[in-house]
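Engineer: First the structure, then my questions, so here it is.
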Amino acid sequence: MKNHFREQAVNALADTELRDNFRGAMDFLRDKRLSAFPDSDELSELRTHGHQIKAKSLSRLPELLEQLEANCIKNGIQVHWAETPEQACEIIHSVIKKHDGKLAVKGKSMVSEEIALNHYLEARGIESLESDMGEYIVQLADETPSHIIMPAIHKNKEQIAHLFEDKIEDVKYTESVDELIGTGRRILREKFFEADIGISGVNFAVAETGTLCLVENEGNGRMCTTVPPVHIAITGIEKVVEKLSDIPPLLSLLTRSATGQNISTYFNMISSPRKEGEKDGPEEVHLVLLDNGRSKMFQDETLQQTLRCIRCGACMNHCPVYSRIGGHAYGTVYPGPIGQVVMPQIEGLDKQGEMTEGCSLNGACGEVCPVEIPLPKLIRKLREQKSARPSRQGKEVFAWAIWKKIYGIPFLYKCFTYAATRFRHVSPKSISPWTDYRTAPKPAPKTLHELMLEKERLTKMQRIK
Amino acid sequence: MSTARNNILQRLRAANSSPITKKTSNWQPPRLEKKERLIQFKKSLLAAHTKIIETTEESWAQELIKIATSKHLTQWLYSPLTESGIAFSKEITNQACDIQLTPYDQTVEAFKDQLFHQIEASFTEVQAGIAETGTLVVLPNKSEPRLMSLVPPVHVALFRESTLLSNFSELIELEDWAKKGLPSNALLISGPSKTADIQQTLAYGAHGPKTLIVLIIRS
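First to last, the protein sequences are chains A and B.
Under the numbering used here, the first residue of the first sequence carries the number 927, and numbering increases by one thereafter.
Under the numbering used here, the first residue of the second sequence carries the number 342, and numbering increases by one thereafter.
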């Protein structure tokens, strides 16, 4: 089924409350990032370094995955491989079933969204509860995250206050953020206490030591990976890095680009389940490595750069399209520029091609990307692949055929531009539906060629004088 | 699922693209002079809403009791196996104050209810500090398990200036983790638990401690 990006984008643009919510959030996140990188030379060096680390790890991806697997097993972590979302869900479900699990608490993980894990588990009688505050809000509203770092960014506190009042027993309407968070804390603490399974994502997986690294501020990630007797981590195969010494620069790039923090409140490095004599921590740790189209992206030298992504969200924060239409308009797991590159590659251009058009090629995403992914170039490449297939119809085909003719013959082109500039006052005011949202352009009084010739003449005359 | 493993690895190996980048970088982790470190450390801790109390080897235990009495915290979790845990317990006996100490000397399953529903505060040591980001390096072990720094609403940490490092890279080198391997769980903690998930408004105590207090022993 084709994803109708255009229609969704138009609807989102008409929602003024949504636009206010995003405007506020994007301005906030951009300012935070800017103040986290006061030294532009340092930023430039660090981005190059991050680019290098990830590119180097990708160049040895199969070896590093094997090394990661071997070291995890040595540390007592069980490793599973999944080619598709279905396989990943099955693996996770079978681990839960083995332990007769009823309640799974989840830390924030976009890969778990990718495989639609919550629905899979709920359909099999297992409660799968999001515990990141933003994710909890989104799950309570029966929605999906609209941003990869701040999932509930599309809602304001009034909307969240109403949601809590409607959905949670004995909670009265309050716009106090401290009270709202307090409610979430009270409910989720009991869930951490009861849960038999903890599920998390992974920010970086270190091959040389078999370590899973998690970045977070709330502490729910630590709860999920420490309190329940079983911890299941899921990650895309591109998250593996070669060395432990690669982690500090990547961590610095991630938190500063994402939320403008020099470091997150918690950086959690997990290298083994509870060892003999230790008093807490999970008895079992599982790692699920998901492909889901990544090995396909790996085949193309240009598009492979997608896999450097460390999921900071800076590209969407700086995207003029995302900041106006919001994450849900994309209708995909990953929104914004990185989504426009990832989703068509995972789900195909037939289904997700339309979203590549939601880009003005302004280049902001590429400029802020902490690992220098040339996002505009990748979007353009996917667009080219998409328009290689005929999609134009009727009048559009006719208009382009005429234009091709005119543009191909210099004499015709000259006549056309002369006519367009001289008769500029009678150029059409409405070119429906294009002018529904835009002012019709009026040609300039003179063509660029004429202006350049005049300028040349003038400078010549001045030189003679 | 070994077929999935083989298929994935095979597809990756079949790719004839080589993503090696030609760029080279001169990035080095920022090094701070010894005297700059504590200034930067404290600045970053305060910025993240962590409370700081500068004290000495002789008087930190009294400071700790002052915190407990002024905040009316009576249920404390501590380690009976660390030197500082023992010193804390002695100080309570000496001062005969109204503080209930619970030792973390059994598995979490044996006292989970008490840990989640009664304990108000915990006291631990930290293994090191990172000046650049105002970070406490916490390496949970048999004496001080993982949940001590997470579940209690107030966490007080004892830090010695002599263990202060410039940056995270220095820690990795010093501990030689790449060769020796890491402990089961290693944590960098840089403030009390927090969230800005509701309309970018910062709120403390999302899931972990609402309050983080660092007792700094100057060297």
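For glycine and all other residues, C-beta sits at the position ideal for the given N, C-alpha and C.
Keep in mind the model is a prediction, meaning the values are calculated, not measured.
In chain order, what residues of the same chain have a beta carbon less than 6 Å from the beta carbon of residue 514 (chain B), not counting five sequence neighbours either side?
Structural biologist: Hits under 6 Å: none found.
Engineer: Between residue 1124 (chain A) and residue 1151 (chain A), is the Cβ-Cβ spacing less than 8 Å?
Structural biologist: Contact flag set, yes.
Engineer: Does any C-beta atom of chain B lie closer than 8 Å to the C-beta of residue 1148 (chain A)?
Structural biologist: Closer than 8 Å to some Cβ of chain B, the Cβ of residue 1148 (chain A) qualifies, so yes.
Engineer: Taking only beta-carbon atoms, is residue 403 (chain B) less than 8 Å away from chain A?
Structural biologist: Judged by the 8 Å Cβ criterion, residue 403 (chain B) is not in contact with chain A.
Engineer: Report the residue ranges of all beta strand (DSSP E) runs contained in full by the stretch 1171–1259 of chain A; include only those spanning at least 3 residues, in chain order.
Structural biologist: Runs found: 1192–1196 and 1210–1216.
Engineer: So for residue 416 (chain B), helix, strand or coil by DSSP?
Structural biologist: It is a strand residue.
Engineer: Which two residues bound the contiguous beta strand (DSSP E) that contains residue 1005 (chain A)?
Structural biologist: Counting along the chain, the beta strand (DSSP E) containing residue 1005 (chain A) begins and ends at 1003–1008.
Engineer: Quick one: does residue 345 (chain B) have its CB under 8 Å from some CB of chain A?
Structural biologist: Yes, contact with chain A.
Engineer: Under 8 Å between the Cβ atoms of residue 1001 (chain A) and residue 1277 (chain A)?
Structural biologist: No.
Engineer: Distance, Cα to Cα, residue 539 (chain B) vs residue 1298 (chain A)?
Structural biologist: Each residue's alpha carbon lies about 30 Å from the other.
Engineer: Report the residues of the stretch 963–975 of chain A with a CB closer than 7 Å to any CB of chain B, ordered along the chain.
Structural biologist: Under the 7 Å Cβ criterion, the stretch 963–975 of chain A contributes 971, 972, 974 and 975.
Engineer: Please list the terminal residues of the continuous beta strand (DSSP E) segment that includes residue 441 (chain B).
Structural biologist: From DSSP, the beta strand (DSSP E) with residue 441 (chain B) extends over 441–444.
Engineer: Hey, is residue 1169 (chain A)'s beta-carbon within less than 8 Å of any beta-carbon in chain B?
Structural biologist: Chain B contact via Cβ: present.
Engineer: Less than 8 Å between the beta carbons of residue 1157 (chain A) and residue 1198 (chain A), yes or no?
Structural biologist: No, the pair does not count as a contact, with Cβ atoms beyond the cut-off.
Engineer: Can residue 955 (chain A) and residue 1178 (chain A) be called in contact, C-beta distance under 8 Å?
Structural biologist: The answer is no: Cβ separation not under 8 Å.
Engineer: Could you give the C-beta distance for residue 1252 (chain A) and residue 1080 (chain A), rounded to a whole number, given that I count them as a contact under 8 Å?
Structural biologist: Correct: roughly 5 Å between the Cβ atoms.
Engineer: For a test of the three-state rule: what should DSSP assign to residue 1349 (chain A), helix, strand or coil?
Structural biologist: Residue 1349 (chain A) falls in the coil class under three-state DSSP.
Engineer: Less than 8 Å between the C-beta atoms of residue 466 (chain B) and residue 507 (chain B), yes or no?
Structural biologist: No. Outside cutoff.
Engineer: For residue 1267 (chain A) and residue 1260 (chain A), what's the separation of their Cα atoms in angstroms?
Structural biologist: So the alpha carbons of these two residues sit roughly 9 Å apart.
Engineer: Thinking just about the alpha-carbon of each residue, which of A:1069, A:1373, A:1014 and A:1182 is nearest to the one in residue 1043 (chain A)?
Structural biologist: If we check each option's Cα against that of residue 1043 (chain A), A:1014 comes out closest.
Engineer: Cutting at 8 Å between CB atoms, please list the residues of its own chain near residue 984 (chain A), excluding the five before and the five after it.
Structural biologist: Excluding residues within five positions, the ones whose Cβ falls inside 8 Å are 1164, 1224, 1230, 1233 and 1234.
Engineer: Consult DSSP for residue 971 (chain A) and reduce its assignment to one of helix, strand or coil.
Structural biologist: Of the three classes helix, strand and coil, the one that applies to residue 971 (chain A) here is helix, per DSSP.
Engineer: In chain order, which continuous runs of the beta strand (DSSP E) of length 3 or greater are located wholly inside the stretch 385–434 of chain B?
Structural biologist: Segments of the beta strand (DSSP E) lying fully in the stretch 385–434 of chain B: 392–396 and 416–419.
Engineer: If you drop the 5 nearest sequence neighbours on each side, which residues of the same chain put their C-beta closer than 7 Å to that of residue 1219 (chain A)?
Structural biologist: Excluding positions up to five away in sequence, the list reads 1271 and 1272.
Engineer: For a contact defined as C-beta to C-beta under 9 Å, what are the partners of residue 549 (chain B) on chain A?
Structural biologist: What residue 549 (chain B) touches in chain A: 1144, 1145, 1146, 1148, 1149, 1191 and 1192.
Engineer: Please report the Cβ distance between residue 1017 (chain A) and residue 1214 (chain A), rounded to the nearest whole angstrom; I am assuming they are in contact, meaning their Cβ atoms lie under 8 Å.
Structural biologist: 6 Å between Cβ atoms; contact.
Engineer: If we cut at 8 Å on Cβ distances, does residue 448 (chain B) have a partner in chain A?
Structural biologist: Yes, residue 448 (chain B) counts as interfacial toward chain A.
Engineer: Apart from the five residues on each side of it in sequence, which residues of its chain come closer than 6 Å, Cβ to Cβ, to residue 394 (chain B)?
Structural biologist: Excluding residues within five positions, the ones whose Cβ falls inside 6 Å are 404 and 556.
Engineer: Which of helix, strand or coil does DSSP assign to residue 1318 (chain A)?
Structural biologist: Residue 1318 (chain A): coil per DSSP, three-state reduction.
Engineer: Could you name the residues of chain B that residue 1197 (chain A) contacts, counting a contact when the two beta carbons are closer than 8 Å?
Structural biologist: Correct list: 522, 523, 524, 525, 526 and 527.
Engineer: Check whether the Cβ of residue 936 (chain A) lies closer than 8 Å to any Cβ atom in chain B.
Structural biologist: No, residue 936 (chain A) lies away from the interface with chain B (no Cβ there is under 8 Å from its Cβ).
Engineer: Flag this pair as yes or no: are the beta carbons of residue 559 (chain B) and residue 397 (chain B) separated by less than 8 Å?
Structural biologist: Yes. Within cutoff.
Engineer: List the endpoints of the continuous beta strand (DSSP E) containing residue 1029 (chain A).
Structural biologist: Unbroken beta strand (DSSP E) run through residue 1029 (chain A): 1029–1032.
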